[in-house]
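Undergrad:
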Amino acid sequence: MIKQIDVISYSNKLRAVSPMWKSGFAALLLLLSYLSHPVVQLLMFIWISAWIAGYAKVPLRLYSTLLFSSLLLFAASLPALLLEIHSFEQGQFRAEGLTLLAYSHWSLSLNPSGVELTVKLLCRIMACVAASMLLILTTPMPELFQVMKKLRVPSLVLELMLITYRFLFLLLDTAHDMYTAQRARGGQQGFTGRLRDTALLIVRMFAKTMQRYQGLANGMVSRGFTEEIRMPPYQGGEVPARYKWEGSIGWILLAGLECWFRWREIG
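The opening residue of the sequence shown carries number 234 in my numbering; numbering runs sequentially from there.
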């Protein structure tokens, strides 16, 4: 999945647009997504998805997979948000909401306030994830590093992020090679065999990855590494007038709609 994201970030139709503009646009969208009402958040999600799938030409299947993966942790928290367990004496308790199960002195019910909270959280998460994906899927990581350097992010932080980013690909390549070797030798067969071989893969993968990382570090030293990773200077691209106008007008309309909702609440 990481490699697919990296490939799409280089091949999408918004690749040539200024990374600084895309970063600022995504930041404004993320801020509005976090602070707005559910209706505004749903409209933002649809609008941002149109940018990702329509303008950037990101495959809808990849975008849907990333969105679904981001919602898995939210789905794991649904029982805690929706369900309530009560202990009661007969005739002394009246359950709020829909009672799903009652046994002896215990009752499992659906909390109405939890349903409302779940809908609000779902709208917020979808809008925030879409705003983040707009930047991640359209801007390569080296350009994001250049933007952060332009914004005066400390060099040490940038170097750690760059090394970690490179280390992820080493880790994935090592895991893929070892998994392929296990399958070629008849491993990863059956439930017990998969558990045993996966545990063995994890143990050996760490040692092998550290060896490859040490080789990478030695290569950097042999090429004159002086405890500072120099990045290429920032190169800003052009922003088509259509994107400027559509982004500005769309954000202003959504912000105005949010202000109208808040004014109604106050009034």
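Don't be surprised by glycine CBs; every beta carbon is placed ideally from N, CA and C.
Go to Ile-369, then tell me how far its alpha helix (DSSP H) extends in each direction, as first and last residue.
TA: Taking the first residue of the sequence shown as 1, we reach residue 369 at position 136. From DSSP, the alpha helix (DSSP H) with Ile-369 extends over 345-369.
Undergrad: I'd like to check one pair, Ser-256 with Gly-470: are the Cβ atoms closer than 9 Å?
TA: One-based indexing of the sequence shown puts residue 470 at position 237. One-based indexing of the sequence shown puts residue 256 at position 23. Contact: no.
Undergrad: Apart from the five residues just before and just after Ser-320, which ones in its own chain have a Cβ nearer than 7 Å to its Cβ?
TA: If you number the sequence shown from 1, residue 320 lands on position 87. Only His-338, Trp-339 meet the Cβ criterion.
Undergrad: So Tyr-288 and Leu-341 are supposed to be a Cβ contact under 8 Å. How far apart are they, rounded?
TA: As a first step, residue 288 must be located in the sequence shown, where it is residue number 55. As a first step, residue 341 must be located in the sequence shown, where it is residue number 108. Wrong, their Cβ atoms sit about 47 Å apart, outside the cutoff.
Undergrad: Between Trp-484 and Phe-301, is the Cβ-Cβ spacing less than 9 Å?
TA: Your numbering for residue 484 matches position 251 in the sequence shown. Your numbering for residue 301 matches position 68 in the sequence shown. Cβ distance not < 9 Å, so Trp-484 and Phe-301 don't count as in contact.
Undergrad: Please list, in chain order, all residues of the same chain as Ile-285 whose beta carbon is under 8 Å from its beta carbon, the five residues on each side excluded.
TA: Translated into positions along the sequence shown, residue 285 becomes position 52. These residues qualify, in order along the chain: Val-291, Tyr-296, Ala-363, Met-366, Leu-367, Leu-370, Thr-371.
Undergrad: In angstroms, rounded to a whole number, what distance separates the CA positions of Gly-489 and Tyr-467?
TA: As a working note, residue 489 is residue 256 in the sequence shown. As a working note, residue 467 is residue 234 in the sequence shown. Cα to Cα, the separation comes out at about 34 Å.
Undergrad: Can you list, in chain order, the residues of its chain whose CB lies under 6 Å from that of Arg-357, leaving out five sequence neighbours each side?
TA: As a first step, residue 357 is located in the sequence shown; it is residue number 124 there, counting from the start. Gln-274.
Undergrad: Between the beta-carbon of Gln-421 and the beta-carbon of Thr-407, is there less than 9 Å?
TA: In the sequence shown, residue 421 corresponds to position 188, counting from 1. In the sequence shown, residue 407 corresponds to position 174, counting from 1. Contact: no.
Undergrad: Look up Glu-479 in the DSSP assignment and give the residues it is bridged to.
TA: Counted from its first residue, the sequence shown places residue 479 at position 246. In the DSSP output, where bridge partners are listed per residue, Glu-479 has none listed.
Undergrad: Given Leu-268, which residues of its chain have a CB within under 8 Å of its CB, disregarding the five upstream and five downstream residues?
TA: Position 35 of the sequence shown holds residue 268. Counting only Cβ-Cβ distances below 8 Å, and skipping sequence neighbours, we find Glu-491.
Undergrad: Between the Cα of Gln-503 and the Cα atoms of Ile-238, Met-253, Val-240, which residue gives the shortest distance?
TA: The first residue shown for the chain is 234 and the last is 500, placing residue 503 beyond what the model contains.
Undergrad: Which residues in the same chain as Val-352 place their Cβ atom closer than 7 Å to its Cβ, once the five residues preceding and following it in sequence are excluded?
TA: Counting from 1 along the sequence shown, the entry for residue 352 is found at position 119. Pro-271, listed in sequence order.
Undergrad: Quickly, what does DSSP pair Ile-499 with across the bridge? List them, please.
TA: Indexing the sequence shown from 1 puts residue 499 at position 266. Note: Ile-499 sits in no beta bridge, so no partner.
Undergrad: From Ala-283 to Glu-479, what distance separates their C-alpha atoms?
TA: Locating residue 283 in the sequence shown gives position 50, where the first residue counts as 1. Locating residue 479 in the sequence shown gives position 246, where the first residue counts as 1. Approximately 12 Å between the Cα atoms of the pair.
Undergrad: Below 8 Å CB to CB, which residues in the same chain sit around Ser-303 once its five sequence neighbours on both sides are set aside?
TA: Numbered from 1 along the sequence shown, position 70 holds the residue referred to as residue 303. Hits under 8 Å: Ile-358, Val-362.
Undergrad: Would you call Glu-498 buried or exposed, if buried means 16 or more other Cβ atoms sit within 10 Å of its Cβ?
TA: As a first step, residue 498 is located in the sequence shown; it is residue number 265 there, counting from the start. It counts as exposed.
Undergrad: Using a 10 Å radius around the Cβ and a threshold of 16 neighbouring Cβ atoms, would you call Glu-376 buried or exposed?
TA: As a first step, residue 376 is located in the sequence shown; it is residue number 143 there, counting from the start. Classification for Glu-376: buried.
Undergrad: Between Leu-434 and the rest of its own chain, which residues show a CB-CB distance below 6 Å, the 5 nearest in sequence each way excluded?
TA: Position 201 of the sequence shown, counted from the start, is the residue given in the question as residue 434. Taken in chain order, the residues that qualify are Met-411.
Undergrad: Alpha helix (DSSP H) containing Leu-502: first to last residue?
TA: Given that the chain is displayed from residue 234 to residue 500, the structure contains no residue 502 and the question cannot be resolved.
Undergrad: So Ile-235 packs on Leu-405, CB below 8 Å; how close in whole Å?
TA: Counting from one through the sequence shown, the residue named residue 235 turns up at place 2. Counting from one through the sequence shown, the residue named residue 405 turns up at place 172. Between Leu-405 and Ile-235 the Cβ distance is about 6 Å, and since that is below 8 Å, they are a contact.
Undergrad: Could you check the C-alpha separation between Pro-387 and Pro-473 for me, to the nearest Å?
TA: As a working mapping, residue 387 is identified with position 154 in the sequence shown. As a working mapping, residue 473 is identified with position 240 in the sequence shown. Going by the C-alpha atoms only, they are around 31 Å apart.
Undergrad: Which residues in the same chain as Leu-261 place their Cβ atom closer than 8 Å to its Cβ, once the five residues preceding and following it in sequence are excluded?
TA: Residue mapping note: residue 261 aligns to position 28 of the sequence shown, counting from 1. So the qualifying residues of the chain are Trp-484.
Undergrad: DSSP three-state call for Ser-251: helix, strand or coil?
TA: What you label residue 251 is simply residue 18 of the sequence shown in a count that begins at 1. The answer is coil: DSSP assigns Ser-251 none of H, G, I, E or B.
Undergrad: Classify Phe-439 as buried or exposed, calling it buried when 16 or more other Cβ atoms lie within 10 Å of its own Cβ.
TA: Your numbering for residue 439 matches position 206 in the sequence shown. Classification for Phe-439: exposed.
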